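S.K.: This structure is in structure tokens; I'll ask about it shortly.
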Amino acid sequence: MSNVIMSRDDIRRAVTRIAHEIVENNRGAQDLVLIGMRTRGVPLASRIARAIHEFEAEEIPVGTLDVGLYRDDLTERGPSVSIQPSDLPEIAGKRVVLVDDVLYTGRTVRAALDALIDYGRPGRIQLAVLVDRGHRELPIRADFVGKNIPTSHADDVQVRFEEIDDEDSVRVAAAEEAGVSR
Amino acid sequence: MTTEARPDVVPAPFAAPSTDESGWKRRHLLDLDDFSVEELDLVMRTTDTMKEVLSREIPRVPALRGTTVVTLFYENSTRTRTSFELAGKVLGADVINIAASSSSVSKGESLVDTVKTLQAVGADVLIMRHNRSGGPYLAARTAQCSVVNAGDGLHAHPTQALLDLYTMRGALGDVRGRKVVIVGDLLHSRVARSNAWALTAMGADVVLCAPPTLAPARLGEALEDRLPPVRVETNLDRAIVDADVVMALRMQHERMQGGYVPGAREYSRLYQVNTERLARANPGALVMHPGPMNEGVEISHDVAHGLQSRVEEQVTNGVAVRMAVLWLITRTGTKQARAAAKGAL
Numbered sequence: 008m009s010n011v012i013m014s015r016d017d018i019r020r021a022v023t024r025i026a027h028e029i030v031e032n033n034r035g036a037q038d039l040v041l042i043g044m045r046t047r048g049v050p051l052a053s054r055i056a057r058a059i060h061e062f063e064a065e066e067i068p069v070g071t072l073d074v075g076l077y078r079d080d081l082t083e084r085g086p087s088v089s090i091q092p093s094d095l096p097e098i099a100g101k102r103v104v105l106v107d108d109v110l111y112t113g114r115t116v117r118a119a120l121d122a123l124i125d126y127g128r129p130g131r132i133q134l135a136v137l138v139d140r141g142h143r144e145l146p147i148r149a150d151f152v153g154k155n156i157p158t159s160h161a162d163d164v165q166v167r168f169e170e171i172d173d174e175d176s177v178r179v180a181a182a183e184e185a186g187v188s189r
Numbered sequence: 178m179t180t181e182a183r184p185d186v187v188p189a190p191f192a193a194p195s196t197d198e199s200g201w202k203r204r205h206l207l208d209l210d211d212f213s214v215e216e217l218d219l220v221m222r223t224t225d226t227m228k229e230v231l232s233r234e235i236p237r238v239p240a241l242r243g244t245t246v247v248t249l250f251y252e253n254s255t256r257t258r259t260s261f262e263l264a265g266k267v268l269g270a271d272v273i274n275i276a277a278s279s280s281s282v283s284k285g286e287s288l289v290d291t292v293k294t295l296q297a298v299g300a301d302v303l304i305m306r307h308n309r310s311g312g313p314y315l316a317a318r319t320a321q322c323s324v325v326n327a328g329d330g331l332h333a334h335p336t337q338a339l340l341d342l343y344t345m346r347g348a349l350g351d352v353r354g355r356k357v358v359i360v361g362d363l364l365h366s367r368v369a370r371s372n373a374w375a376l377t378a379m380g381a382d383v384v385l386c387a388p389p390t391l392a393p394a395r396l397g398e399a400l401e402d403r404l405p406p407v408r409v410e411t412n413l414d415r416a417i418v419d420a421d422v423v424m425a426l427r428m429q430h431e432r433m434q435g436g437y438v439p440g441a442r443e444y445s446r447l448y449q450v451n452t453e454r455l456a457r458a459n460p461g462a463l464v465m466h467p468g469p470m471n472e473g474v475e476i477s478h479d480v481a482h483g484l485q486s487r488v489e490e491q492v493t494n495g496v497a498v499r500m501a502v503l504w505l506i507t508r509t510g511t512k513q514a515r516a517a518a519k520g521a522l
């Protein structure tokens, strides 16, 4: 049985709070760029951008990043062959906020940093995630976190967004139901 | 590639990545005769991603870091070998080029021994062109590493057909129901054969055209076993009517001297793709050629460089397609996959 950790409303509030924190932390919205990491970082990034637009009247450029060509953790989800084009706005000199749904080992973020730097030299890179589930394997931390969820390695954290999965929720499935061996 | 998606507009495709439901399991690329539509689609989608990489200011990603790619060419080639080399380098692989004429092959080493030697020194992917049909198949049977056929004898040239398909899809959207005319020396053309497999699999209407002496009698029948039939025509003026794509093949000098056709002038009079003939095809029909072109023989100068010509685009797409192939075949059974399985990365 999987437990719902965040409901639709919890996610909405977390997105609004992260949006405010990003603007506060960067003293405004100018030069901000949000980069959503495929797959579920993408809808999250555009939600945050929309939230910022509501109270700052600034339109924040949103990009999408696929890190498939930069990964070193092929075991994490099996040797995936599926890669998609990235689509980034100008990032040189900008304040870039990387956005992903779940922060876990940190290896995807490491890959994303390599990828971003290949596109240009951002003035600053920050990290926003909906869920931080711990178990970092690299010295990486998030600047903006929706919710910290203590998990065991065996748990499966499932983030669902309406844009992709027809509902908004965060669930944690314990090892035996999840059927995954991590 | 800078698209500034506005926050109030839902950007980019949200579709969850189609995670490998194509069931890609190939370690070698030898021909396209057993490719499914899903596999061809996956290669095309992966090529889109590679095009994005190539469009960057510094086109270099670390995807194949630590992988050694060896090109072993028993026949001369510029564009195929160079584009494989470039594809490997853009993906961060180490690339070693071996021309058979300057290696132990010229001292009489057998194909199998050469492959074993290259493997022993660490080749992960072997890109092979061989003058005998089936050469890369023999290599794949003995090798632990991946083998990519870069053209074997009269048989197959799968990456050329993939880049042709990619170029056609880029211009036409979909090739289903489109009429593709391939004209030239069908008897000796591995390009025509691999194209026939890929295009018929994708639902194109393929017409192969050649002088009777250069049209294999049973080409249509041979493909019919497993795929929609291709039609074979000997009259280009008739074949080209309503074509959406016209692909001219290289007419080799030795064929013209070998008695297959009376001569270059006779051949070009009946089979050259020129402005007059192109006017019988659909307006805006694509003109393609695998290169190198004999301008004035199988294709006229103005058509080769005209508005409808996609020849340069074919060359550009060649690098992206070969990147996609290198990426896909190294997802299974190679150094990275083995190391990942051991958790060594």
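Protein sequences appear in the order of chains A and B.
Residue numbers 8 to 189, in this note's numbering, belong to the letters of the first sequence in order.
Residue numbers 178 to 522, in this note's numbering, belong to the letters of the second sequence in order.
The beta-carbon is built from N, C-alpha and C at its ideal position, and this holds for glycine as well.
Everything numeric in this text was worked out from a predicted model, so none of it was measured.
Check whether chain B comes within 9 Å of A:P4, counting only Cβ atoms and requiring the distance to be less than that.
M.R.: Limits of chain A in this structure are 8 at one end and 189 at the other, which puts residue 4 of chain A out of reach.
S.K.: Looking at the secondary structure, which residues open and close the alpha helix (DSSP H) in which B:A348 lies?
M.R.: Segment 335-349, the alpha helix (DSSP H) holding B:A348.
S.K.: Please list the segments of the alpha helix (DSSP H) lying wholly inside the region 224-280 of chain B, counting only runs of 4 or more residues, in order along the chain.
M.R.: 256-267
S.K.: Going by DSSP, name the residue or residues bridged to B:C322.
M.R.: B:C322 is not bridged to any residue.
S.K.: Under 9 Å, do B:V357 and B:L426 count as touching if we go by C-beta distance?
M.R.: no
S.K.: Assuming B:G330 and B:R367 are in contact, meaning their beta carbons sit under 8 Å apart, how far apart are those beta carbons, in whole angstroms?
M.R.: 7 Å
S.K.: Mapping the DSSP letters down to three states, classify A:Q133 as helix, strand or coil.
M.R.: Looking at A:Q133 - three-state DSSP - the assignment turns out to be strand.
S.K.: Helix or strand or just coil, what does DSSP make of B:V302?
M.R.: strand
S.K.: Just curious, the beta strand (DSSP E) that A:I42 is in, first and last residue?
M.R.: 39-44
S.K.: Closest to A:D94 by CA distance: which of B:L339, B:K228, B:V464 is it?
M.R.: B:K228
S.K.: Compute the Euclidean distance between the alpha carbons of B:R318 and B:V238, then round it to the nearest angstrom.
M.R.: 31 Å
S.K.: What's the C-alpha gap between A:V177 and A:H27?
M.R.: Distance between the alpha carbons of A:V177 and A:H27 is about 21 Å.
S.K.: For chain B, check one thing: does any of its Cβ atoms lie closer than 9 Å to the Cβ of A:L120?
M.R.: Answer no: the Cβ-Cβ gap between A:L120 and chain B never drops below 9 Å.
S.K.: For B:R306, count the other beta carbons within 10 Å of its own beta carbon; 16 or more makes it buried, fewer makes it exposed. Which is it?
M.R.: buried
S.K.: Determine whether the Cβ of B:A270 lies closer than 9 Å to any Cβ atom of chain A.
M.R.: no
S.K.: A:V74 and A:A119 look like a contact to me (Cβ under 8 Å); what is the Cβ gap, rounded to whole Å?
M.R.: 5 Å
S.K.: Is DSSP giving B:H307 helix, strand or coil here?
M.R.: Three-state result, B:H307: strand.
S.K.: Could you confirm whether any beta carbon from chain A is found closer than 9 Å to the beta carbon of B:R233?
M.R.: yes
S.K.: Per DSSP, what kind of secondary structure is A:R192 in: helix, strand or coil?
M.R.: Absent from the structure is residue 192 of chain A, since the part of chain A shown begins at 8 and ends at 189.
S.K.: My output table needs one value for B:E472: the three-state DSSP class, helix, strand or coil.
M.R.: Three-state result, B:E472: strand.
S.K.: Kindly indicate which residue of B:D362, B:Y251, B:Y437 has the alpha-carbon position closest to the one of B:A316.
M.R.: B:Y251
S.K.: Can you tell me which of the three DSSP states A:E31 falls into?
M.R.: helix
S.K.: Using three-state DSSP, classify B:N412 as helix, strand or coil.
M.R.: For B:N412, the three-state secondary structure derived from DSSP is coil.
S.K.: Within 9 Å (strictly less), CB to CB, does B:P188 reach chain A?
M.R.: A caution first: B:P188 carries a pLDDT of 35, below 50, which makes its placement in the model unreliable, though a value can still be read off. Closer than 9 Å: yes.
S.K.: Taking Cβ positions, are B:V246 and B:V230 nearer each other than 9 Å?
M.R.: Their beta carbons are not under 9 Å apart, which means B:V246 does not touch B:V230 by this criterion.
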